[in-house]
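The sequence shown begins at 420 in our numbering and counts up one residue at a time. Report on one structure; see the data block that follows.
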Amino acid sequence: MFTVEQIESAHDKVKSGADFPAYIQEIKQMGVASFETKVKDSSTKYFGKNDYQTISQPQYGDLTIASVSDKEKFSHYLKMHQQGETDYFTFCKHCAETGIEKWFVCLRKMTCTYYNKAGNEILVEQIPQ
Numbered sequence: 420m421f422t423v424e425q426i427e428s429a430h431d432k433v434k435s436g437a438d439f440p441a442y443i444q445e446i447k448q449m450g451v452a453s454f455e456t457k458v459k460d461s462s463t464k465y466f467g468k469n470d471y472q473t474i475s476q477p478q479y480g481d482l483t484i485a486s487v488s489d490k491e492k493f494s495h496y497l498k499m500h501q502q503g504e505t506d507y508f509t510f511c512k513h514c515a516e517t518g519i520e521k522w523f524v525c526l527r528k529m530t531c532t533y534y535n536k537a538g539n540e541i542l543v544e545q546i547p548q
């Protein structure tokens with residue numbers, strides 16, 4: 420099975436959202452089936468076959484997640500990130516600012532779903548292959 424260290428090594432190659440599809444393909448090859456990242460500290464729970472799970476440590480100090488979601492502003496920030504205009508931490512700060520609490524990536528469906536603090540789906544995006 421995969422380890423957090425292997426995943427983090429793959430993630431180190433990601434400089435912006437433009438690099439995200441290649442990262443996804445690399446961890447998918449490792450056996451990652453899905454993962455959930457908490458915006459507040461970027462701790463991530465990874466899921467594999469046969470109920471395998473592993474969890475990464477927080478990557479930074481806690482961010483405060485806005486209580487009210489702003490889907491339009493978040494969509495703008497997401498597009499900026501995907502075009503390579505922001506780094507990962509800036510994107511996480513933008514998520515917090517616009518009320519995104521976490522995201523869930525399903526590698527079978529190749530989707531990334533963003534949720535607010537109430538657990539409501541704010542946006543589902545298809546991951547380019």
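Every residue gets a Cβ at the ideal spot worked out from N, C-alpha and C, and that includes glycine. Note that the structure is predicted; figures quoted are calculated from it, not measured.
Neighbour-count burial assignment, residue i, 16 or more Cβ in a 10 Å radius
i: Tyr-465; result: buried
i: Tyr-479; result: exposed
i: Thr-463; result: buried
i: Asn-535; result: buried
i: His-495; result: exposed
Simplified DSSP assignment, three categories, for residue i
i: Val-423; result: helix
i: Tyr-533; result: strand
i: Tyr-471; result: coil
i: Ser-488; result: coil
i: Ile-541; result: strand
Identity of the residue in the options nearest residue i by Cα
i: Ile-541; options: Tyr-507, Glu-491 and Val-433; result: Glu-491
i: Lys-434; options: Cys-514, Ile-546 and Glu-504; result: Glu-504
i: Ala-452; options: Asn-539, Glu-544 and Met-529; result: Met-529
i: Cys-531; options: Pro-477, Glu-516 and Pro-547; result: Pro-547
i: Gln-502; options: Ala-429, Gly-436, Tyr-471 and Val-423; result: Gly-436
(request) Could you pull out every unbroken beta strand (DSSP E) segment of at least 3 residues lying fully inside the segment 490-529, listed in chain order? (result) Within the segment 490-529, the complete beta strand (DSSP E) segments of 3 residues or longer fall at 521-525, listed in chain order.
(message) Three Cβ pairs or more, each shorter than 8 Å: is that satisfied between the segment 481-490 and the segment 517-526?
(response) Because the criterion of three Cβ pairs below 8 Å is met, the segment 481-490 and the segment 517-526 touch.
(request) Decide yes or no for the touch test of the segment 521-540 against the segment 435-452: beta carbon pairs closer than 8 Å, at least 3 of them. (result) With contact defined as three or more Cβ pairs closer than 8 Å, the segment 521-540 and the segment 435-452 are in contact.
(request) Would you mind listing the alpha helix (DSSP H) stretches within the segment 431-473 that are 4+ residues and don't spill past its ends, in chain order? (result) Here the runs fully enclosed are 439-449.
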